[in-house]
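**Q** This is the structure, below, for whatever I ask next.
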Amino acid sequence: MANRHEIDVDGDLVLTLSRMRLADADAEAEDEDETLQNDELRVSSKVLQLNSPVFKAMLGGKFKEGTELAEKTGPEPYDLELPDDDVEAMSILCQILHNVYVPEIPKPMSLEKLAYICDKYECINALKYCGIVWIRDWLQQFDDEVPPMSDFCHLLVFAYVIDLPVEFSEISWRIFLYHEGPFSTASEQVKMLVDHPLLHTDIIKCLEIKRHESCNSFYKGVICPMMWDWDTSDAACSRASKALGYYVETLHKSDLLPRDIDFSKHKFCNLLDTANQRS
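Using UniProt numbering, the first residue of the sequence shown is number 1, and each one after it goes up by one.
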């Protein structure tokens, strides 16, 4: 039994999507009566064609779907099966295209799935405004409570695909701040970004270059006081040597000295916090 969602009650098209799939043959063996649970989205083919060149070619051209839709004369909408598309992502996209209110902010993972749909059907422009609002809402929440790194990665993919450079920069900055240690393809924290099919830039490499440069600048700033010309000529005045000794001691307590070349045990946000506390 399919779940019908009337996005356009007068729509001439029903998108049929599979919500649940059997993972493998073993799952099928456990329950031979298991069936796919489909969701149906009733929409307007005209709206889809206006916003997506892919749907325009599929439904308005000489493809099988377009021919059958044009020749259909009955009152029932034409059924178009899209078994490979995510139900929630396609539903959100169709609601936006039809100017239907989306009541909840999609989760970061859902936004990544939405990025796949928008990339597939080439309709990123329709998502720009909503995308900006959603990302800014999430970042505002994340400023109060830092989420798992995967949430930032989901948002980064979405911002990249929808072409939101300001939001992409803000998300990248937070990944830079909260990532522990150097960026690499072996990092569990950002492994989902490695060879991601929607990312056409080596994000990991770019982040690591910036982090390495920043770590070097930070280290130079840390050791700079040790290079000053401290006046210790007056044996009776030991304030300079005490100050320098206290400074070095605090660096050791903060695990900033002795230092490995990339502060591999630190998040950059913690380095900045430590520097502010010691300044």
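Glycine included, every Cβ here is placed at the ideal spot set by N, Cα and C.
(1) Could you round the C-beta distance between Ile7 and Cys94 to whole angstroms and report it? I think they count as a contact, below 8 Å.
(2) What does Ser18 pair with, by DSSP beta-bridge criteria?
(3) Pop quiz: Ala126 and Ile96 are said to be a contact at Cβ under 8 Å. What is the actual Cβ separation, rounded to whole angstroms?
(4) Could you say which of Val146, Ile171 and Asp151 lies nearest to Ile132 if we only look at CA atoms?
(5) In chain order, what residues of the same chain lie with their CB nearer than 6 Å to the CB of Glu180, ignoring the 5 residues before and after it?
(6) Rounded to whole angstroms, what is the Cα-Cα separation between Leu207 and Gln141?
(7) Residue ranges of each beta strand (DSSP E) run of no fewer than 3 residues wholly in the region 76-113, ordered along the chain?
(8) If the criterion is Cβ atoms closer than 7 Å, does the pair Pro108 and Leu177 meet it?
(9) Kindly indicate the opening and closing residues of the alpha helix (DSSP H) around His154.
(10) Quick check: the Cα distance between Leu111 and Phe158, rounded to an integer number of angstroms?
(11) Check the DSSP bridge columns for Glu6 and list the partner residues they point to.
(12) For the alpha helix (DSSP H) that contains Pro53, what are its first and last residues?
(13) Could you name the residues of the same chain whose beta carbon sits closer than 8 Å to that of Asp10, not counting the 5 residues immediately before and after it, in chain order?
(14) For Glu145, which of helix, strand or coil comes out of DSSP?
**A** So, from the data block:
(1) For this step, residue 7 is matched to residue 7 along the sequence shown. For this step, residue 94 is matched to residue 94 along the sequence shown. The Cβ separation is near 5 Å, so the contact holds.
(2) Taking the first residue of the sequence shown as 1, we reach residue 18 at position 18. Per DSSP, Asn38.
(3) In the sequence shown, counting from the first residue as 1, residue 126 sits at position 126. In the sequence shown, counting from the first residue as 1, residue 96 sits at position 96. The pair is a contact, with the Cβ atoms about 6 Å apart (cut-off 8 Å).
(4) To locate residue 132, count along the sequence shown from 1; it is residue 132. If we check each option's Cα against that of Ile132, Ile171 comes out closest.
(5) Taking the sequence shown and counting its residues from 1, the one referred to as residue 180 is at position 180. Excluding sequence neighbours, Glu180 sits near Lys267.
(6) Locating residue 207 in the sequence shown gives position 207, counting from the first residue. Locating residue 141 in the sequence shown gives position 141, counting from the first residue. If I take the Cα positions, the gap works out to 23 Å.
(7) 78-81
(8) Reading the sequence shown from its first residue, position 108 is the one you call residue 108. Reading the sequence shown from its first residue, position 177 is the one you call residue 177. With a cutoff of 7 Å on beta-carbon distance, Pro108 and Leu177 are scored as not near each other.
(9) The residue you call residue 154 lines up with position 154 of the sequence shown. Bounds of the alpha helix (DSSP H) holding His154 are Met149 to Ile162.
(10) Taking the first residue of the sequence shown as position 1, residue 111 is located at position 111. Taking the first residue of the sequence shown as position 1, residue 158 is located at position 158. Leu111 and Phe158: Cα-Cα distance of roughly 6 Å.
(11) Stepping through the sequence shown from its first residue, residue 6 is reached at position 6. Answer by DSSP bridge pairing, in chain order: Arg42.
(12) Position 53 of the sequence shown, counting from 1, holds the residue named residue 53. Start and end: Pro53 to Gly60.
(13) Taking the sequence shown and counting its residues from 1, one reaches residue 10 at position 10. So the list reads Ser44, once near-sequence residues are dropped.
(14) Position 145 of the sequence shown holds residue 145. Of the three classes helix, strand and coil, the one that applies to Glu145 here is coil, per DSSP.
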